[in-house]
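Novice: Residue numbers (this note's numbering), protein chains in the order written: chain C, 2 to 117; chain R, 13 to 894.
C-beta atoms are modelled at their ideal positions from N, C-alpha and C, and glycine is treated no differently.
Computed from a predicted structure; not experimentally measured.
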């Protein structure tokens, strides 16, 4: 049995997917591959969950999709970011960085002398 | 990335897409793993494992995609409707005259339908404003064996009300006009003398003060009254101090103890009662009332049935109680009781009302339908200029459904505008119905109210009108062939033209039938007027009742004697008399007569004949022809030998081969001598057979009630004014009705005919105008489309007359077909109206002739305008313009 990577919170998965899509039309398999490499397989996102998130993001208008041909000439569904999705990515990336920085600061902090 | 999307995705398509997407992933990953050295089967298994729960994910994605698909479709459709709406408004603004015409035509038609509905609602649908009206029953007494309706005596009522077990309460009322004095000349007020429990049985709560207590029925109690909310506002300025104050009713002081709730004005729809006097005070108002006399009927009864009891059971119980009552008090009156639901409308009247209302509603509906179709025709004619555009849209892939929808939307927008106009008209004219109703001897009260029911009806009418208006253009749009349209450059290629001709034919038929119907009813009214006494408009009439002032017989006789003497001295008065009933009037008086030498039928004690009481001078004043004998004279004194006149029908019936003069008859127990025989004419209401009639001498048989008739110039400065002045001076306590004329009274007898006739004429004019519009539109369109052909004809030598003839023929064909169908429709309408046509055949040739001439006149004028325009076209411009 493999060691299973920590589960992602939903919002976290969305922001990673938006980032992956942000460079232009990309199909689900490429996103999955990129995520595995980018996170060095530290963050676990099952492919099934990835596709569910993609379809959800398409419904909410963050991404749009179109069928096209893959490098080896197979029919594949390509996703790209909408203007709305781009704004969402920026907003959430900022929020996430602030959050991570705050958590990191707390974890790095020295013990406080508390009076009384 | 292109946003152009082709047909919407189906469920299957969505599922296939999701599957393809997943499959691509798994295959791609497997290939990757294979490249890393795994066996193909292992690689595939590994890829599938990495993917996770594929079934669950596919279901989820299908659900998400389906919902976004539906949302996209919705917003697309909404966007389309919005675009169409903008388009409709823009195109309507381009042709404001057409839009305006359609909105006005439809608005008027909708208003007519709404008014018809308001009448139906008021008369047949609305319930009495009382608690649980379905449990109320009217209880009619019927004399056996004749079945004549009788009212119940006060004494009998009290016994029945005490003994009934099937009813939670039995109440009674006696409707009559009372003279209400609130300073100045008394006014006549429709009133009811009611039992103490009247308001309790109806389940009402007073708006002010209280209703009658249990003791209010007892004779001799101080008279008390409840007034209607309307009277309270009109005569007492809605002052709360009215409670406990005394008013004068028939000259007697009466204390007002309460005000009825606002919606309530008596338990009969359409009639307004304003004053409710407790039974205990009846004798103070009318000396002839005797609470102990069981032989005199006084009250109409109604009651509230106990829950779970059938109305018929209540009637049976009352019948049983009445039988016991008759036995114990040895009353000769053998009665049965019959219970009827208390709808507020008399059961007998209801049949007639249903008939009239149904006819009015049918006419209104027909008019609305014709107007809608016509509006559709106008839209279609206007739409022809957009044919190319439509064809282009269709060729570019716009669905037929969308074009049809566009037509319906346009119709809907116009009908919505019309609904606003119709509603404004209806609310503005809500009292107009009362203008159609000539002054009735009773007060009628109807009103249109915009409530939930009315709104529902309006919505239904709007829907029907929209569909009917959009029908023609929508069918044309659906059947259009874009290729042909683009090719021939905008002609409608036969089909729409054929549709329009059919439609014009239908309109011609309806219009012709309406005109004939209006003609039939008008002829009936005219015939009735022709039958009225000569110079009826020059006979002033004034109903009088000295019991209002509580005069006894000698005071009453003195009043009438003095009044007649004064009136005879009026300048211009050429005849003065009084009688109990007017010729062709409402009401019915009968008496039982015995004739010496003629045996009544077995089991009968005499013969029933109609009666009237007339004074000396009455025959001369009304101009009724005498057949033989003499008229009443001032020498026929109260104490002298009793004299009567009879009509020809009575003479023929009882003395077929003998001279009736000097023969004896016994009327109401008085032996009298026949001194004259009159003509048969003028008493039966229209449509009723003449009956045997006997005239008693009003000078010999006293009654406090009479109708004064004066022949002379009836103007406010002439007879009418003098008459009112004389009555006010001689009887200051008497309420003064407006002075009328005999002609107006006769007109009243033809009230249903006049009401229906008015409605039919209105609808006929409306449909005539519509048909004229339709014909004009058809021909104008034809001329525009055939411009080239007409130009060629003219260039080849056709003269103006032949071109005009050619154009007129286009209108003639639908007119001929329409008239043919119209004759059949008119015959059907005539048969439906049969019961209203008195002395006029449903196939009256004059009505058909007048209807035909009127229609052809208007129709040819409508056709002639475009036809003449065609004839005036200069050939060159016609060729150029084609």
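For residue 106/R, would you say it is in contact with chain C, using Cβ-to-Cβ distances shorter than 8 angstroms as the test?
Specialist: No, its Cβ sits nowhere closer than 8 angstroms to a Cβ of chain C.
Novice: Give the C-beta separation of residue 385/R and residue 484/R to the nearest angstrom, bearing in mind that I take them to be a contact with Cβ-Cβ under 8 angstroms.
Specialist: Residue 385/R to residue 484/R, Cβ: 7 angstroms. Contact.
Novice: Between residue 793/R and chain C, is there a C-beta pair that is closer than 8 angstroms?
Specialist: No, residue 793/R does not count as interfacial toward chain C.
Novice: If you run the structure through DSSP and keep just helix, strand and coil, what is residue 706/R?
Specialist: Correct three-state label for residue 706/R: strand.
Novice: Any C-beta of chain C within less than 8 angstroms: which residues of the region 53–77 of chain R qualify?
Specialist: Against chain C - using a Cβ distance shorter than 8 angstroms - the residues of the region 53–77 of chain R are 62, 63, 64, 65, 66, 68, 69, 72, 73, 76, 77.
Novice: Counting C-beta neighbours from all protein chains within 10 Å, is the total for residue 834/R 16 or more, i.e. buried, or is it exposed?
Specialist: Result: buried.
Novice: If you reduce the DSSP assignment to three classes, tell me which class residue 117/C lands in.
Specialist: Summary for residue 117/C: the model assigns pLDDT 49, below 50, so the residue's position carries little reliability; its value from the coordinates is reported in the next sentence. In the structure shown, residue 117/C sits in coil (DSSP, three-state: anything other than H, G, I, E or B).
Novice: Mind checking whether residue 623/R and residue 647/R have CB atoms under 8 angstroms apart?
Specialist: No, these two residues do not count as a Cβ contact at 8 angstroms.
Novice: What are the boundary residues of the alpha helix (DSSP H) that includes residue 20/R?
Specialist: Where residue 20/R is concerned, there is no enclosing alpha helix (DSSP H), given that its DSSP letter is neither H nor E.
Novice: Label residue 757/R either buried or exposed according to how many other C-beta atoms from any shown protein chain fall within 10 Å of its C-beta, with 16 as the threshold for buried.
Specialist: Result: buried.
Novice: Looking at residue 38/R: is its Cβ nearer than 8 angstroms to the Cβ of residue 77/R?
Specialist: No, they are not a contact pair.
Novice: Just the Cα atoms here: how many angstroms apart are residue 206/R and residue 299/R?
Specialist: The alpha-carbon atoms of residue 206/R and residue 299/R are separated by roughly 17 angstroms.
Novice: For residue 113/R, collect the residues of the same chain with a Cβ closer than 7 angstroms to its Cβ; drop the 5 residues on either side in sequence, then sort them by chain order.
Specialist: For residue 113/R, where only same-chain residues beyond five positions count, the Cβ hits under 7 angstroms are 390.
Novice: One question on the structure: do residue 431/R and residue 122/R come within less than 8 angstroms of each other, judged by their Cβ atoms?
Specialist: Cβ distance < 8 angstroms, so residue 431/R and residue 122/R count as in contact.
Novice: Does any residue of chain C have a CB that is nearer than 8 angstroms to the CB of residue 125/R?
Specialist: Chain C, which has no Cβ nearer than 8 angstroms to the Cβ of residue 125/R, makes this no.
Novice: So does the region 601–615 of chain R actually touch the region 664–677 of chain R, counting three or more Cβ pairs closer than 8 angstroms?
Specialist: Yes: the two stretches touch, three or more of their Cβ pairs being nearer than 8 angstroms.
Novice: Helix, strand or coil, according to DSSP, for residue 894/R in the structure here?
Specialist: In this prediction, residue 894/R scores a pLDDT of 41, lower than 50, which makes its location untrustworthy; the coordinate-derived value is nonetheless stated afterwards. Reduced to three states, the DSSP call for residue 894/R is coil.
Novice: With a CB to CB cut of under 8 angstroms and the five nearest residues on each side skipped, what residues in its chain are close to residue 237/R?
Specialist: Contacts found: 259, 261, 266, 267, 268, 269, 287, 288, 289, 290, 293.
Novice: What residue range is occupied by the uninterrupted alpha helix (DSSP H) comprising residue 773/R?
Specialist: Per DSSP, residue 773/R belongs to the alpha helix (DSSP H) from 763–797.
Novice: Please list the terminal residues of the continuous alpha helix (DSSP H) segment that includes residue 842/R.
Specialist: Here the alpha helix (DSSP H) through residue 842/R covers 812–844.
Novice: Need the endpoints of the alpha helix (DSSP H) that residue 551/R sits in, please.
Specialist: No alpha helix (DSSP H) holds residue 551/R; the beta strand (DSSP E) holding it covers 551–557.
Novice: Is the beta carbon of residue 128/R sitting closer than 8 angstroms to the one on residue 439/R?
Specialist: Cβ atoms of residue 128/R and residue 439/R: not closer than 8 angstroms.
Novice: The alpha helix (DSSP H) that contains residue 354/R, what's its start and end?
Specialist: Careful: residue 354/R lies outside any alpha helix (DSSP H) and carries neither H nor E.
Novice: Output, in chain order, the set of chain C residues within a Cβ distance shorter than 7 angstroms of residue 32/R.
Specialist: In chain order: 76.
Novice: Buried or exposed: which applies to residue 104/C, given that a residue is buried once 16 or more other Cβ atoms fall within 10 Å of its Cβ?
Specialist: Counting Cβ neighbours within 10 Å, residue 104/C comes out exposed, since fewer than 16 surround it.
Novice: Strictly by DSSP, which residues pair up with residue 27/C?
Specialist: DSSP, once it has assigned bridges, lists 80/C as partnering residue 27/C.
Novice: Which chain R residues are close to residue 48/C, counting only those with a beta carbon under 7 angstroms from its beta carbon?
Specialist: Simply 37, 62, 63, 64.
Novice: Taking all protein chains shown into account, decide if residue 169/R is buried (16 or more other Cβ within 10 angstroms of its Cβ) or exposed.
Specialist: Buried.
Novice: Return helix, strand or coil for residue 452/R, following the three-state DSSP convention.
Specialist: For residue 452/R, the pLDDT reaches just 49, beneath the cut-off of 50, and the residue's location in the model is therefore unreliable, although a value from the coordinates is still provided. Residue 452/R falls in the coil class under three-state DSSP.
Novice: Per DSSP, residue 658/R forms a beta bridge with which residues?
Specialist: According to DSSP, which records beta bridges pairwise, residue 658/R is partnered with 689/R, 706/R.
Novice: State the CB to CB distance for the pair residue 719/R and residue 553/R, rounded to an integer number of angstroms; the pair is presumed to be in contact (CB under 8 angstroms).
Specialist: Indeed, because the Cβ distance is near 6 angstroms, the residues count as touching under 8 angstroms.
Novice: Residue 149/R by DSSP, collapsed to three states: which one?
Specialist: Here residue 149/R sits in strand by DSSP.
Novice: Given a limit of 9 angstroms on CB to CB distance, which residues of the region 16–32 of chain C reach chain R?
Specialist: Answer set for the region 16–32 of chain C: 26, 28, 29, 30, 31.
Novice: For the alpha helix (DSSP H) that residue 108/R lies in, which residues bound it at each end?
Specialist: Counting along the chain, the alpha helix (DSSP H) containing residue 108/R begins and ends at 108–132.
Novice: Does residue 40/R have its Cβ less than 8 angstroms from a Cβ in chain C?
Specialist: Answer yes: the Cβ-Cβ gap between residue 40/R and chain C drops below 8 angstroms somewhere.
Novice: Does any CB atom of chain C fall closer than 8 angstroms to the CB of residue 87/R?
Specialist: Taking Cβ atoms only, chain C never reaches closer than 8 angstroms to residue 87/R, which makes this a no.
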